[in-house]
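Worksheet for the structure shown next.
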């Protein structure tokens, strides 16, 4: 990916990543976590802001730090890192609201031409999956690294 | 390798920070995980692509 990204740190298992967003509102620590679902090799991707004072994580906050493209590029980079370590894994992601899910869709659309050769990408629509199409408002997304 | 070259790499360089290991057994986003498990129950996984037949 040619877009700028933030430096990433992760735990040994590469299931939790951390980076610092730097923008108009200052420095915001972001945590990205890949959680094992009830099914083997299927992980849920979620991310949010870490409150430095309380240590609590908020995934509904809209940071408006003016760096959303760089944040998104960094999250896509974590998908590359995670699936490099777990190549057979499916990664599911959905937004906490419809608006956020739409933002994810716009993000995937933006990088689609760069990532489509590396990942199978599906969109969740009316209780089924279809190959991702840029113009469709999906309820969730599923990606798997191509072999 | 300079920053521009680093940014072109698809698989990023990740610094290991052992302090993040504390999250291994903690679900930071339980509502999202709940949604994911519900999706798996109701929708399941995509069907494997059909191979072209002659």
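Residue numbers (our numbering), protein chains in the order written: chain A, 21 to 167; chain B, 109 to 162. A virtual CB, placed ideally from N, CA and C, is assigned to each residue, including glycine. These numbers were taken from a predicted model, which means no experiment stands behind them.
Its chain contains 108 and 109 as the residues whose beta carbon lies nearer than 6 Å to that of residue 61 of chain A, once the 5 sequence neighbours on both sides are disregarded; these appear in chain order. In the three-state reduction of the DSSP assignment, residue 102 of chain A falls in the helix class, which pools H, G and I. Taken through DSSP and simplified to helix, strand or coil, residue 89 of chain A comes out as helix.
With a cutoff of 8 Å on beta-carbon distance, residue 140 of chain A and residue 166 of chain A are scored as near each other. For residue 44 of chain A, the secondary structure class from DSSP, reduced to helix, strand or coil, is coil.
If you draw a straight line from the Cα of residue 76 of chain A to the Cα of residue 70 of chain A, it comes to about 6 Å. For residue 119 of chain A, the three-state secondary structure derived from DSSP is helix.
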